[in-house]
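Numbering (the numbering used here), first residue to last: 506 to 686.
Shown next as structure tokens:
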């Protein structure tokens, strides 16, 4: 009778061998320049794993790309205050190409979105310091959309600045109200 440690070791060894042999197919020994990058191997392995081992595999097509694009945009800027509409338009060119990039193991969309988010984050941090350096005035009537599903991306840098100012003012009022309770 085999011990449970031996069985676990055999199982782990078999799984390791399967993964080793499966990943071996990504390497071409003839041309060193044709070797895939780490990212390409990783994306290829993930896509293959999801399409074969997932309990409900997704078809990776343009409809999938659109769903991924919409979800990604919601996750990286759910308040619609960081990116501007021109930024979103720039990203939108990849809306139906995410599936193609996934299959080709490229990541232009991810690179562009990361670049834009990093740029806007730095800009908004500087703007936040600038806006908070001066006190807010509360003697004018202003409106602010608190339902971010209904809000839109700022059309320009000036519109973004104004929306950011209103957001900071709203958050300041909210904190003051919480302190009074």
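By construction, the Cβ of each residue, glycine as well, lies at the ideal position given by its N, Cα and C atoms. As the structure is a prediction and not an experimental result, all values here were calculated from the model.
ask   = Around the C-beta of residue 659, are 16 or more other C-beta atoms found within 10 angstroms, so that it is buried, or is it exposed?
value = buried
inquiry  = In whole angstroms, give me the CA-to-CA distance for residue 633 and residue 665.
reply    = 12 Å
ask   = Can you give the beta carbon distance from residue 657 to residue 585, rounded, assuming they're within the 8 Å contact cut?
value = 6 Å
request  = Taking only the alpha-carbon atoms, compute the straight-line gap between residue 563 and residue 570 and give it to the nearest angstrom.
outcome  = 11 Å
query = Taking C-alpha atoms, which residue in 579, 596, 597 and 622 lies nearest to residue 655?
reply = 579
inquiry  = Here's the rule I'm using: 16 or more other beta-carbon atoms within 10 Å means buried, otherwise exposed. How should residue 669 be labelled?
reply    = buried
ask   = Shortest alpha-carbon distance to residue 594 belongs to which of 604, 608, 574 and 607?
value = 574
inquiry  = With the cut-off set at 8 Å, would you say residue 636 and residue 588 are in Cβ contact?
reply    = no
key: Nearest neighbour of residue 652, chosen from 565, 583 and 572 [CA to CA]   = 583
key: Neighbourhood of residue 649 by C-beta, 6 Å cutoff - its chain only, sequence neighbours within 5 removed   = 671 and 675
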